[in-house]
Structures are given as C-alpha cells and as structure tokens.
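Student:
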Amino acid sequence: MTKNPVFFIPNILDYVRILLLICVVCVFPIYPWLGIGCYVTNSILDMLDGTLARLLNQQSKLGALLDFSIDRACITILLAACIWAYPHLWRWFVAVMALDIASHFAICYASAYNGGSHLNFIAHGSKLLLWFSQKSWVRYGICTSHDVFFALFVTYFLTPSTFWLVLWLVCVPGMLLKTWIHLEQFYLAAQFTASN
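In this note's numbering, the protein residues as written are 15 to 210.
Below, the structure written as structure tokens:
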C-alpha cells in the first residue's frame, strides 16, 4: 500500500508554514513583532521539514515543490517588509527578490529541460557552489545569514540598537555569498540549457 504524500508529516509542516506566512502578511503591518514571531516559527519549521523527511523516509516530489515554493514566498515577504520599513531602498530589495526568483527558476527549468538533476551543471561551478549544493551545514549557514541580514533591516527599524547593527555586519558575508551563488546558479543553468 502506497502512502499518500499529501499526509506526510514534513508536508503537513509545510501547510502550517503557508498558514504562518498568511499570518505574517495579515498581522505584520499592525503588530510587527507578532508577524516577526510567525516568520521565525516558519523558519524553524523550514529547518525541520527536510530533516524529518529524511528521518521518516517521507521525501516526495510534493514536499520538494512545497519547500521550494514556500522558501520563495518567505524571502519575497521578508523583502516586502524591508520595503515597508525603508521605501527609499525599494529598488535594491526588488533586485534581490528578482535575483532569488530568477536563479531558482533557471535551475528548475534547466533541470527539467535537461531531464536530470541540478547537480549535473552545478558540478561545473565553483567549489563554493558545490559545497553549497552538497553540504547542508554550508547551505544552512549561508541561507540563514542571508535571511537574517534582511530581517535585521526590519528589526533595526522597529527597535534601533547597536546590537542589531553589529549582528547585521556579521551577516554581510553570508548575504554576499548567497548573492554570488544566485548569480552563478543562473549563469550555469543558462549555459547548460543553451549547450543542450
């Protein structure tokens, strides 16, 4: 008897993540700290869903789609909050948003178009990109520092503090590395698709 992936525990966590993001969008303008709490809870569940999928042997294409889509929604909502707090920087935040979406779409398209894994073309990239793709601790570290970098824009806006600025500076390398990875992923996906 085949189990229905709709009811896999990691996928149920993803449904909760969707509800949390809806809460963020609805409550953030009125109760920013409640919105931030929902966002942080969402991020914790994001770390759990993949781990649980592997531990419980409940990996599925649906889970991969949910995780991928929700992650794109998360960064978009976070950057929208940054625009809310700093409207004069909207072009930069929109550029980051567009790069995130475009690079991930390019990877998905190249993988589907070429009938293989994204690792087929990632293997031709830098050591950083290979580590990012193969070592979860590298990926988690870079992605977390990237997202915290932008979250600290909002946090500093709500409660200005030297502590937030110092933490923000600590996250700058992760943000720059993730930006480089997006650019490299997009380039490799385009190159791989054009050559096949």
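From the three backbone atoms N, C-alpha and C, an ideal C-beta is built for every residue, glycine too.
If you're wondering where the values come from, they're calculated on a predicted model, not measured in any experiment.
I'd like to check one pair, residue 206 with residue 99: are the Cβ atoms closer than 7 angstroms?
Tutor: Numbered from 1 along the sequence shown, position 85 holds the residue referred to as residue 99. Numbered from 1 along the sequence shown, position 192 holds the residue referred to as residue 206. No, the Cβ-Cβ distance between residue 99 and residue 206 is not below 7 angstroms.
Student: Identify the continuous alpha helix (DSSP H) that holds residue 137 and give its terminal residues.
Tutor: Position 123 of the sequence shown, counted from the first residue, corresponds to residue 137. Neither: residue 137 is in no alpha helix (DSSP H) and is coded neither H nor E.
Student: Measure the alpha-carbon distance for residue 201 versus residue 135 and round it to whole angstroms.
Tutor: Along the sequence shown, one-based indexing puts residue 201 at 187. Along the sequence shown, one-based indexing puts residue 135 at 121. Going by the C-alpha atoms only, they are around 10 angstroms apart.
Student: Is there contact between the segment 86-97 and the segment 191-199, where contact requires at least three CB pairs shorter than 8 angstroms?
Tutor: The answer is no - the segment 191-199 does not touch the segment 86-97, with fewer than three Cβ pairs under 8 angstroms.
Student: Note down, in chain order, each residue of its chain lying with its Cβ closer than 8 angstroms to the Cβ of residue 61, except the 5 sequence neighbours on either side.
Tutor: Here residue 61 is taken as the residue at index 47 of the sequence shown, counted from 1. Answer for residue 61: 154, listed in chain order.
Student: What residues in its chain sit with their C-beta under 7 angstroms from that of residue 164, if we drop five residues either side in the sequence?
Tutor: What you label residue 164 is simply residue 150 of the sequence shown in a count that begins at 1. Once the five neighbours on either side are set aside, the close Cβ partners of residue 164 are 92, 93, 96.
Student: Kindly give me the distance between the Cβ atoms of residue 72 and residue 23, rounded to whole angstroms, as I take these residues to be in contact under 8 angstroms.
Tutor: Numbered from its first residue, the sequence shown carries residue 72 at position 58. Numbered from its first residue, the sequence shown carries residue 23 at position 9. Confirmed, Cβ separation roughly 6 angstroms.
Student: What are the start and end residues of the alpha helix (DSSP H) that includes residue 184?
Tutor: Walking along the sequence shown from the start, residue 184 turns up at place 170. Note, residue 184: alpha helix (DSSP H), 176-209.
Student: Can you tell me whether DSSP reads residue 73 as helix, strand or coil?
Tutor: Position 59 of the sequence shown, counted from the first residue, corresponds to residue 73. Here residue 73 sits in coil by DSSP.
Student: Compare the C-alpha of residue 142 against each of 173, 188, 108 and name the closest.
Tutor: For this step, residue 142 is matched to residue 128 along the sequence shown. Closest by alpha carbon: 188.
Student: What did DSSP end up calling residue 155 once you bin it into helix, strand or coil?
Tutor: One-based indexing of the sequence shown puts residue 155 at position 141. Of the three classes helix, strand and coil, the one that applies to residue 155 here is helix, per DSSP.
Student: Using the C-alpha atoms, what's the distance from residue 84 back to residue 111?
Tutor: For this step, residue 111 is matched to residue 97 along the sequence shown. For this step, residue 84 is matched to residue 70 along the sequence shown. Each residue's Cα considered, the two are about 14 angstroms apart.
Student: With DSSP run on the structure shown, which of helix, strand or coil describes residue 129?
Tutor: To locate residue 129, count along the sequence shown from 1; it is residue 115. Coil.
Student: Use the C-beta contact count for residue 197: other C-beta atoms within 10 angstroms, 16 or more gives buried, fewer gives exposed.
Tutor: Here residue 197 is taken as the residue at index 183 of the sequence shown, counted from 1. Exposed, since its Cβ has fewer than 16 Cβ neighbours within 10 Å.
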